[in-house]
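Using the numbering used here, read the sequence shown as starting at 1 and increasing by one per residue.
Ideal Cβ positions, reconstructed from N, Cα and C, are used throughout, including at glycine.
A short worksheet on the structure shown next.
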Amino acid sequence: MLQQLLPIRVRHIAADPQHFALVIGDIWFATCLSLANREHGFRLESDGSITIVDSHAFSNGVHAVLLVGSPLSVSIQNTLISSSGKNGIRAEISPDKFSTIKIQGVNLTGHYYSAAIEVEDATDIDFEISCCLVTDNFNGGISLDGITGNSTISILGSNFTRNRGSIVSIPLIQDSDVILHGNSFTANQLNNFGEHEAVVDIATFAEAPGSKIRVEDNEFEQNTMNNVLELRHLGGTICLTCRVL
């Protein structure tokens, strides 16, 4: 069920019945509700920009928000995403051009079988999550699968509480910068699903000397993991300023 509370602006729609929205231009969803659908809450494919703002997706059978194709930019703001069968937000973006993904002021909660946010191939992206609340997810918080190459990953000013499994997992970085700044990680628990399970688990591969991992002004409190931080860095630099309790 998709409940439209305000107009949805979708330009240049291409006919494809297998997609929720296959668009040659831009997609804009504002103040929409997607509830209890058999598969995805929003399945969006575009070569332009995708914007979801002030919306709610919950109790959908697979992913709440599935992003596919090669969008130039994605912006998800002030949205509640909860209780999906798999991921809250999943990006399966083709790495044929540089993309920007911004997730701001989003509440992600109650995902049981997959991570709250999962990016299948984080190559050639500027990925930023800021001012978000990620709570009570049972199989990880943010997971960047495959190779994270030629990218910038920023996790800023967000709250991660009472999740299970690794909260930030970036297992294979190449020629990319990672910034974790001003986040709080509280009462997250071990799930025993991963060999390197930690609150923050980051590893590099054949890293260029100039690349950076910056973990600054974060707070880690009452987490019951094997490790709080697990960094395996084969080059570049690491900057750490954290408060661990």
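Original post:
Unbroken beta strand (DSSP E) runs of length 3 or more, entirely within the stretch 113-189: which are they?
Top reply: Whole beta strand (DSSP E) segments, 3+ residues: 117-119, 125-130, 133-135, 142-144, 152-156, 159-161, 168-174, 177-181 and 184-186.
Original post:
Applying the criterion that 16 or more other CB atoms from any shown protein chain within 10 Å of the CB defines a buried residue, is E39 buried or exposed?
Top reply: Against the sequence shown, residue 39 aligns to sequence position 39. It counts as exposed.
Subject >> Outcome for G141 when other beta-carbon atoms lying within 10 angstroms are tallied against a minimum of 16 >> reply: Looking up residue 141 in the sequence shown gives position 141. It is buried - the Cβ of G141 has at least 16 other Cβ atoms within 10 Å.
Subject >> Cβ-based neighbour list, A122, same chain, cut-off 6 Å, excluding 5 preceding and 5 following >> reply: Against the sequence shown, residue 122 aligns to sequence position 122. L144, T148 and S151.
Original post:
With which residues is T79 paired in a DSSP beta bridge?
Top reply: In the sequence shown, residue 79 corresponds to position 79, counting from 1. Answer is none; T79 lacks a bridge partner.
**OP:** State the beta-bridge partners of A91 as determined by DSSP.
**Re:** As a working note, residue 91 is residue 91 in the sequence shown. In DSSP, A91 forms a bridge with L67 and V119.
Subject >> S102, DSSP secondary structure in three states >> reply: Position 102 of the sequence shown, counting from 1, holds the residue named residue 102. What sits at residue 102 in the sequence shown is Lys, not Ser. Under the three-state reduction of DSSP, K102 is assigned to strand.
**OP:** Output the boundary residues of the beta strand (DSSP E) element that contains L229.
**Re:** Locating residue 229 in the sequence shown gives position 229, where the first residue counts as 1. Residues N227 to R232.
Subject >> Presumed contact (8 Å Cβ cut-off) between S130 and S158, rounded CB distance >> reply: Locating residue 130 in the sequence shown gives position 130, where the first residue counts as 1. Locating residue 158 in the sequence shown gives position 158, where the first residue counts as 1. Yes, they are in contact, since the Cβ atoms of S130 and S158 sit about 7 Å apart, within 8 Å.
Subject >> Among N60, T109, F127 and S154, the one whose alpha carbon lies nearest that of F138 >> reply: Here residue 138 is taken as the residue at index 138 of the sequence shown, counted from 1. When each option's Cα is compared against that of F138, the closest is T109.
Original post:
Mapping DSSP to helix, strand and coil, what is L22?
Top reply: As a first step, residue 22 must be located in the sequence shown, where it is residue number 22. Unreliable positioning characterises L22 in this predicted model, as indicated by a pLDDT of 47, which lies under 50. The coordinate reading is nonetheless provided below. Three-state DSSP puts L22 in a strand.
**OP:** In the DSSP assignment, find the unbroken beta strand (DSSP E) run with F58 in it and report its ends.
**Re:** As a working mapping, residue 58 is identified with position 58 in the sequence shown. Counting along the chain, the beta strand (DSSP E) containing F58 begins and ends at H56 to F58.
Original post:
Distance, Cα to Cα, I125 vs N223?
Top reply: Against the sequence shown, residue 125 aligns to sequence position 125. Against the sequence shown, residue 223 aligns to sequence position 223. Going by the C-alpha atoms only, they are around 30 Å apart.
**OP:** Identify whether S84 lies in helix, strand or coil by the three-state DSSP scheme.
**Re:** The residue you call residue 84 lines up with position 84 of the sequence shown. Here S84 sits in coil by DSSP.
Original post:
Using a Cβ-Cβ cut-off of 8 Å (strictly less than) and excluding sequence neighbours within five positions of D136, which residues of its own chain qualify?
Top reply: Against the sequence shown, residue 136 aligns to sequence position 136. Around D136: T109, G110, T161, R162 and N163.
**OP:** For E45, count neighbouring Cβ atoms within 10 angstroms of its own Cβ and tell me buried if that reaches 16, exposed if not.
**Re:** Residue numbering aside, residue 45 sits at position 45 when the sequence shown is read from its first letter. Label assigned to E45: buried.
**OP:** Indicate the three-state DSSP secondary structure (helix, strand or coil) for A36 in the structure shown.
**Re:** By one-based count along the sequence shown, residue 36 stands at place 36. Reduced to three states, the DSSP call for A36 is coil.
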